[in-house]
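One structure below.
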Amino acid sequence: MTYAYKLIDSPVGQLKLVAKGECLAAILWENDKPNRVRLGEMSEAGEHPVLVETERQLREYFAGTRDTFDLPLDFQGTEFQKKVWHALLTIPFGQTRSYTEIAQQIGNVNAVRAVGAANGKNPISIIAPCHRVIGASGELTGFAGGLANKMLLLSLEAGQTSLEAAADTAAGTQVQTPVQESAQAAKDSAHAKPARHAPSRGTQASLFGN
Numbered sequence: 049m050t051y052a053y054k055l056i057d058s059p060v061g062q063l064k065l066v067a068k069g070e071c072l073a074a075i076l077w078e079n080d081k082p083n084r085v086r087l088g089e090m091s092e093a094g095e096h097p098v099l100v101e102t103e104r105q106l107r108e109y110f111a112g113t114r115d116t117f118d119l120p121l122d123f124q125g126t127e128f129q130k131k132v133w134h135a136l137l138t139i140p141f142g143q144t145r146s147y148t149e150i151a152q153q154i155g156n157v158n159a160v161r162a163v164g165a166a167n168g169k170n171p172i173s174i175i176a177p178c179h180r181v182i183g184a185s186g187e188l189t190g191f192a193g194g195l196a197n198k199m200l201l202l203s204l205e206a207g208q209t210s211l212e213a214a215a216d217t218a219a220g221t222q223v224q225t226p227v228q229e230s231a232q233a234a235k236d237s238a239h240a241k242p243a244r245h246a247p248s249r250g251t252q253a254s255l256f257g258n
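In our numbering, the protein residues as written are 49 to 258.
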């Protein structure tokens, strides 16, 4: 089956929305590695219903008026990868999980590294929120969309009214949250080191430390 795609501009760069049939199959980043997500032949279809609806819901998310998505999804991957990706869907807006917690959730506590690898292959970025997965010590680890975008998405979910506001706040002179400070550092330097923030090891930690 040929995949349909639609390109949209967003506050985190150009995104490529990809549909398979009537379902969303992928959201790819502007500078995504070519082989990170393996899909078939594609044709542009800007008016494809599920892609139009995905764009609408993403716009609301970036504007700070949506914290959950309601879209039909079609994950393409191994059974293990699908378990990890479906676990991502259970992480609430404004919270984070560690790789260890995801491994425990899917019933394979010894698969922390494999969980990390599957997280990195997540095809449906933002909707399946792999940006909410962090190191056990609170370290903001790598992200297919870039560390600065990961930090900005977390900043948005930490209570900003919009992603633009999160970026503006991070660049301002007022007191910043640890995630906002990290976002500014990443924007200032391409070699910024991963930041550490409040969530404690092995807990259901929100970005407010709850």
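Ideal Cβ positions, reconstructed from N, Cα and C, are used throughout, including at glycine.
For cysteine 71, the pairing in a beta bridge is given by DSSP as Lys68. Taking the C-beta atoms as reference points, tyrosine 51 is found nearer than 8 Å to lysine 68.
Nearest Cα to threonine 126 within the set Val157, Phe110, Asn170, Leu72: Asn170. In terms of CA proximity to leucine 99, Asp122 leads the group Trp133, Asp122, Asn156. Beta-carbon to beta-carbon, serine 58 and leucine 106 are separated by about 7 Å, close enough to satisfy the 8 Å threshold. The three-state secondary structure of threonine 102, taken from DSSP, is helix.
Nearest neighbour of leucine 204 by Cα position, chosen from Phe191, Phe141, Ile182, Gly164, turns out to be Phe141. In the displayed model, isoleucine 139 falls within coil according to three-state DSSP, outside both helix and strand. In this chain, lysine 198 is not harboured by any beta strand (DSSP E); it is covered by the alpha helix (DSSP H) spanning 195 to 205. Sorting Leu200, Gly194, Ala166, Val160 by C-alpha distance to the C-alpha of glycine 183 places Val160 at the top. In the pairwise beta carbon analysis, the region 102 to 116 is classified as not touching the region 86 to 93: fewer than three pairs are separated by under 8 Å.
Note that the C-beta distance between proline 177 and isoleucine 150 is not below 8 Å.
Pairing arginine 180 with glutamine 124 gives a Cβ-Cβ distance that is not under 8 Å. DSSP, read as helix, strand or coil, puts isoleucine 172 in strand. With distances taken between CA atoms, glutamate 70 lies nearest to Pro120 out of Arg145, Arg114, Ala192, Pro120.
In its chain, beyond the 5 residues on either side, Ala166, Lys169 have a beta carbon closer than 7 Å to the beta carbon of glutamine 129. Our two residues, lysine 131 and leucine 87, have alpha carbons roughly 19 Å apart in a direct line.
Between the beta-carbon of leucine 76 and that of isoleucine 175 there is about 12 Å, and that puts the pair past the 8 Å contact cut.
Rounded to whole angstroms, the gap between the alpha carbons of proline 97 and leucine 200 is 28 Å. For alanine 52, no alpha helix (DSSP H) segment is defined; the enclosing uninterrupted segment is the beta strand (DSSP E) at 51 to 56.
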